[in-house]
Structures are given as structure tokens and as C-alpha cells.
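> Quick note: the sequence shown uses our numbering, first residue 1340, plus one each step.
First the structure, which I've put down as C-alpha cells, then a few questions once you've had a look.
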Amino acid sequence: MSDVIVVGGGVIGLSIAWKLAEQGARVQLIEQTQVGREASWAGAGMLPPASLDIATDPLARLRALSHPLWPDWSAQIRSETGIDNGFRPCGALELAYSETELQQTELQLQKEGAEYHLLTASERKAQFPAVSPEIPYTLFLPEMSQVRNPRHLRGLVALCHRHGVEIIEGEPVVGFETVGGKVTGVRTSRSEYQAERICLTTGAWSKQIGSLLGLNVPVRPVRGQIVLLRHQPLPFTSILQHREQYLVPRPDGRILIGATMEEVGFLKANTVSGISNLLEFAAQTVPALSGADVERTWAGLRPGSPDNIPFLGQTSEWDNVYYAFGHFRDGLQLSMGTALVMSQLLLDQETSLDLAPYALERP
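Laid out in C-alpha cells, this is it:
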């Protein structure tokens, strides 16, 4: 019998399993297909900053807890596994097309406690000459960082193995064994596993898995499409972002363009219109990217919650069932803080954040 079974092998589940096992817990992780292959793999790896001293919004506070953990935890991945997850500070440029949009962006950054400054026309031309002069306002965020999702996931898998996590792949969960108010076992398509505690990190499939335990989980899949360009030399080295769309430059000459937000259920295929919209955004933002080589396209299913704030905590229905899902677009960037507070909760330690704002039963 394990101490904890983690159901779901995305970046949230892998991170929690690692931090639990690192502290001596016996952990099994069950994944329906292959670990790290759904939304976690598909994301762009942006790591925006926030401040715990300033931020009051639950999403920003979890981001503020996560952001300062990335340098040390990335270094730990390198030192223990030899895998470089690609973490690097790179800065970001927030784009605004009107004075109203600029004021809204500044207000949001101030609420989150993110450092920024408004670039003058001459500063922008000198530092970001490739950015379209048709964009009137640009804010620079020096603390923005990025990570390479596939590399980071490989590092997490290696860390889990190193610390004794048993990873079970290709076994969808089909039910649970219960006695009284406790869940005693997890039934998969092939076997059954027992543990003292269960943690659900099931992403876009959380509603379906939660229903097996009678839980009302308002999580839905939201498709996001991404385009990968190749352009040498790189016309810019910081992330460029306008609302939900972004350009993320990689040191190897690749540029990620993202991302759509589409309520289409569990359809994960790319579409002509989605890819066309992303390419149009890239060319409007950086004219040099017009006609750049498209190397690859893909899509992922994000786990959206009604208010886009993740669900973290312990169920009221079951004494030993915990959950961490609904991270929407922010799973990777919030994974460090989520792993910290959920490992604390599962090991009966004081949590670094008050988890009440993240409860399933929140208003």
C-alpha cells in the first residue's frame, strides 16, 4: 500500500508526486495514457511574475508563490537528473493598441505586483526594432521567464523515478473502492491500487473522474492551438504578448505562437482558421515573421474552471481524497506553488497559502 496515489500525470501530478516522495512518502502515480503528454506538453512555458506582498487575487497569489521557486527547483532538476529544462529569465513586452488598453494592462500588473516600465518610442525602437511601429504602447516586464515544457516534464519524470515514485501508464481509472467516508482503492482498466490518501490531478478530465466519487467538478476542456515557426536569426529575444496571444522566442531560432481559446469539448485537432489567426497575429506584431517557415502545429486541452482559478484542497465528501486541477492556461507556471502547498496539505503540514479561495465549494 502506498501513502499517496496521484491520479493524473501532467505537470501538476508529476510535481506533487516529486515533492511528496522527496520527503519520504511512498507514492504511486497513475496516468491514463502517457505522462506529460496532454496540456502540460502543449503549453508555451511562460513564467510571469507576481508579488505575494501585493497580490490579493487567488490566481496571482499562487503565481507569486510559484515564480521565485523556479530558479532553485530548475537547478535541482539539472543537478539530480542532468536534464536542463530550459529555464531562463527573458523579459516580456506587453503590447497595447490604445490608451484604454494600456491603462487596463498597467492596472492589472499593479494589482499583481509585477515590475514593469513603459518604453518610450526611442527605447522601443532601440531594444525591439522588429516589433511593428504600428503598436503605440509597450510595457517591459524584466522578471518574465520561460521554460521548455517537454524538457521540464522529462526532468520531472526522472526526478520521480529517482525518488522512488512508481509511475503507472496506460491505465485509465474506472472506479474507486470505498469504505465509509474513505476511499481505499483506485480501480484502473487493468488493476487495483491501495493508498492511505488519493490526490486527483486529472486536468481536463477532472469532471469525469470526480463523478466516479460523486463529486461535482465544474472543469471543462478548452482547446488551445499553437504554431511553431523557425526563423534565423531571431528578430527578438523577449516574449511578446497581447492579451491572450503571445510570441515566445527560443534560443535555437524557433518561435512559438499561441494560443487560441476554443470551447469545443475534447476535440484536440488543429484547424485552418485557428492556425491562420495565429500566423496573422505574428505577422502584425513582427512583420519580419510574415512568410516564416512553419515547422509544426499542435493543440492541447486546458482544464478550465468557471472563474479560471484552480481548485486545490481536500474534499468534504471523502476523508482522504485531495484535488489539484482546473489550472486552465496556467498549469505549468503554477505547478511549483501547487506542488508546494499540496505536498504540505497531504503531509499534514501548514500550507504556505490559505487554500480556502481554491476550494471546490467556494462561492
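Quick reminder that beta carbons are idealized off the backbone N, C-alpha and C, glycines included.
With DSSP collapsed to three states, give me the class of lysine 1521.
Lysine 1521: strand per DSSP, three-state reduction.
> Rounded to whole angstroms, what is the Cα-Cα separation between glutamate 1516 and glutamate 1531?
Straight-line Cα distance between these residues: approximately 9 Å.
> Just checking my contact of threonine 1690 with leucine 1699 at CB under 8 Å: how many whole Å lie between their CB atoms?
That belief does not hold up - the Cβ atoms of threonine 1690 and leucine 1699 are roughly 16 Å apart, past 8 Å.
> Within 10 angstroms of its Cβ, does proline 1645 collect 16 or more other Cβ (buried), or is it exposed?
Counting Cβ neighbours within 10 Å, proline 1645 comes out exposed, since fewer than 16 surround it.
> Using 8 Å as the threshold, is the segment 1415 to 1434 in touch with the segment 1476 to 1489, meaning 3 or more CB pairs across them?
With a cut-off of 8 Å, the segment 1476 to 1489 and the segment 1415 to 1434 count as touching, because enough Cβ pairs lie within range.
> Give me the Cα-Cα distance between phenylalanine 1467 and leucine 1573, rounded to the nearest whole angstrom.
If you take the alpha carbons of phenylalanine 1467 and leucine 1573, they lie about 11 Å apart.
> Specify the secondary structure class of aspartate 1342 as computed by DSSP and reduced to three states.
Three-state DSSP puts aspartate 1342 in a strand.
> Measure the CB-CB distance between glycine 1349 and glycine 1375 and report whether it falls below 8 Å.
In contact: glycine 1349 and glycine 1375 (Cβ atoms closer than 8 Å).
> Between which two residues does the alpha helix (DSSP H) containing isoleucine 1355 stretch?
It spans 1350 to 1361 - the alpha helix (DSSP H) in which isoleucine 1355 sits, taken as one unbroken run.
> For the ligand PLP, any of its heavy atoms closer than 7 Å to the Cβ of glutamate 1505?
Ligands in the displayed structure: none, and consequently the ligand PLP is not present.
> Taking DSSP's pairing of strands, which residues face glycine 1597 in a bridge?
Glycine 1597 pairs with Ile1565 and Tyr1585.
> Rounded to the nearest angstrom, what separates serine 1528 and leucine 1368 at their Cα positions?
About 15 Å.
> Based on the DSSP output, what are the partners of isoleucine 1537 in its beta bridges?
Ile1344 and Val1660.
> Along the beta strand (DSSP E) that carries phenylalanine 1650, what are the first and last residues, could you check?
Here the beta strand (DSSP E) through phenylalanine 1650 covers 1650 to 1653.
> What's the C-alpha gap between isoleucine 1351 and leucine 1671?
Cα-Cα distance, rounded: 7 Å.
> Can you say whether serine 1615 is buried or exposed, counting buried as having 16 or more other CB atoms within 10 angstroms of its CB?
Counting Cβ neighbours within 10 Å, serine 1615 comes out exposed, since fewer than 16 surround it.
> So what does DSSP say about leucine 1679, is it helix, strand or coil?
If DSSP states are grouped into helix, strand and coil, leucine 1679 belongs with the helices.
> With distances taken between CB atoms, is the gap from glycine 1643 to phenylalanine 1664 smaller than 8 Å?
Their beta carbons are not under 8 Å apart, which means glycine 1643 does not touch phenylalanine 1664 by this criterion.
> With DSSP run on the structure shown, which of helix, strand or coil describes serine 1484?
Of the three classes helix, strand and coil, the one that applies to serine 1484 here is strand, per DSSP.
> Return helix, strand or coil for arginine 1365, following the three-state DSSP convention.
Coil, per DSSP.
> Could you tell me whether the segment 1573 to 1586 touches the segment 1395 to 1408, using the rule of 3 or more Cβ pairs below 8 Å?
The answer is no - the segment 1395 to 1408 does not touch the segment 1573 to 1586, with fewer than three Cβ pairs under 8 Å.
> Grab the span of the beta strand (DSSP E) containing threonine 1636 for me, first residue to last.
Residues 1632 to 1643.
> Less than 8 Å between the beta carbons of tryptophan 1412 and methionine 1675, yes or no?
Result yes, Cβ atoms of tryptophan 1412 and methionine 1675 sit closer than 8 Å.
> Could you check which residue in Thr1677, Leu1694 and Tyr1697 has the C-alpha nearest to that of tryptophan 1409?
Of the listed residues, the one whose Cα sits closest to tryptophan 1409 is Thr1677.
> Relative to the C-alpha of isoleucine 1565, which residue among Val1525, Tyr1585 and Leu1539 is closest?
For the residues Val1525, Tyr1585 and Leu1539, the minimum Cα distance to isoleucine 1565 belongs to Tyr1585.
> Quick one: Cα of leucine 1640 to Cα of glycine 1382, how far?
Spanning the two alpha carbons is a distance of roughly 10 Å.
> Which same chain residues end up closer than 6 Å to glutamate 1482 when comparing Cβ atoms and leaving out the 5 residues on each side of it in sequence?
Only Pro1388 and Glu1454 meet the Cβ criterion.
> Suppose you measure from the CA of threonine 1541 to the CA of lysine 1464; what does that come to, to the nearest Å?
Cα to Cα, the separation comes out at about 45 Å.
> Considering only DSSP beta bridges, list what histidine 1456 is partnered with.
Phe1479.
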